[in-house]
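K.L.:
Quick note: the sequence shown, position 15, residue 15 per the UniProt record's numbering, numbers continuous.
Beta carbons are placed, not taken as given, at the ideal position from N, Cα and C, and that holds for glycine.
All figures in this text were calculated on a predicted structure; none of them were measured in a lab.
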Amino acid sequence: MTPSATRPRLKTRFKPTRLKLSSDQSTRPLARLSLHDQLVAKVREMIIDGELAAGAPLPERMLCETFGVSRTPLREAFKILAAEGLIALRPHRTPVVTPIDAGEIAEIFDVMVALDAAAGRAAAARATADEIARLDAMHDELVALHGAAERAAYFRLNQQIHLEITRLAGNSVLLNIWSTLHASVFRARAVANYDARRWDESLREHEAFMALLRARDAQGFALALSAHTRKTGDSVLQMLNQANSA
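#1: For the alpha helix (DSSP H) containing T72, list its first residue and its last residue.
#2: Identify the continuous alpha helix (DSSP H) that holds L212 and give its terminal residues.
#3: Output needed for W178: all residues of its chain with C-beta closer than 6 Å, excluding positions within five of it in sequence on either side, in chain order.
#4: If we ignore side chains and look at the alpha-carbon of each, how far apart do F67 and L74 end up?
#5: For I105 and T180, I'd like the C-alpha separation in whole angstroms.
#6: At least one CB of chain B closer than 9 Å to the CB of A56: is that the case?
#7: So, helix, strand or coil for I100, using DSSP?
#8: Out of I87, I132, L174, which has the shortest C-alpha to C-alpha gap to A218?
#9: Keeping to the same chain, check which residues put their C-beta closer than 7 Å to that of L168; ignore five residues upstream and five downstream.
#10: So, is R71 buried or exposed, given that buried needs 16 or more other C-beta atoms within 10 angstroms?
#11: If you measure between the beta carbons of L58 and P95, is that distance less than 9 Å?
#12: DSSP three-state label for A56, please.
#13: For N241, count the other beta carbons within 10 Å of its own beta carbon; 16 or more makes it buried, fewer makes it exposed. Which is it?
#14: Using a Cβ-Cβ cutoff of less than 6 Å, which residues in the same chain neighbour V40 once the five nearest sequence positions on both sides are dropped?
#15: Tell me which same chain residues have a C-beta within less than 7 Å of the C-beta of D200, skipping the five on either side of it?
#16: Specify the secondary structure class of A149 as computed by DSSP and reduced to three states.
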């Protein structure tokens with residue numbers, strides 16, 4: 001038996017049944033209100049949840065037929081997903097879900113640890129009481145989503161909280177760099193939440209650094225936030241390496 005005969009085949013074939021929006025219809029057009037946003041959210045969710053594996057093709061015709069949309073809004077959605085690093089647009093070829101480069105992810109997390117330390121220190125010093133209250137409300141919702149095991153919604157809100165903290169630092173250059181790097185590790189960060197133990201641990205870290213923010217402990221908040229990012233990066237890389245080994 002040749003090596004190629006024993007090698008497991010990647011499940012990259014596109015399956016339009018996964019994209020049905022309702023079990024009672026083979027196809028169902030997306031609501032015309034916020035059509036673009038719905039397309040982006042739906043395909044993003046499928047990639048993050050692993051329904052569309054790395055390397056999976058995204059044929060425009062099948063997607064358009066399944067969603068009941070034209071190619072124009074679909075291609076606009078593809079541009080957003082490509083900017084997030086979730087898909088690769090290839091001239092005159094079918095777009096594909098991008099692979100995750102573990103080496104690149106490790107280097108990006110090294111930088112993001114430093115950025116989060118700087119952002120956390122500035123945010124704790126600059127944030128108003130109302131801004132901290134808003135973050136507290138987001139955190140309370142995060143806890144509720146964890147309790148309900150709403151993994152996808154938890155992940156989205158988790159990213160919004162990190163973005164808001166960075167925004168509160170009041171440094172547009174830092175925010176732009178952070179946002180660019182975050183887009184590159186967006187899908188990889190979701191991988192860490194597939195581990196239930198890490199998910200629980202991550203929430204406890206959120207609760208710890210939020211307590212430091214409420215106390216206006218800028219140094220403590222910065223250290224806790226950057227340590228959280230480091231642990232998330234380590235967890236992501238561990239799971240990626242396990243997947244590669246398998």
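P.N.:
On the basis of the data shown:
#1: Segment 71–83, the alpha helix (DSSP H) holding T72.
#2: If you look at L212, you'll find it in the alpha helix (DSSP H) that goes 196–214.
#3: The residues are L115, T166.
#4: Straight through space, the alpha carbons of L74 and F67 are spaced by roughly 9 Å.
#5: The alpha-carbon atoms of I105 and T180 are separated by roughly 13 Å.
#6: This model lacks chain B altogether, as it is built from one protein chain only.
#7: Of the three classes helix, strand and coil, the one that applies to I100 here is coil, per DSSP.
#8: Between A218 and the set I87, I132, L174, the nearest pair of CA atoms involves I132.
#9: A123, R126, A127, E131.
#10: Classification of R71: exposed, given that the 10 Å Cβ count is below 16.
#11: Result yes, Cβ atoms of L58 and P95 sit closer than 9 Å.
#12: A56 sits in coil when the DSSP states are folded into three classes, being neither helix nor strand.
#13: With fewer than 16 other Cβ atoms from the protein chains shown falling within 10 Å of its own Cβ, N241 counts as exposed.
#14: The answer, listed in chain order, is A77, I80.
#15: Counting only Cβ-Cβ distances below 7 Å, and skipping sequence neighbours, we find nothing.
#16: A149 falls in the coil class under three-state DSSP.
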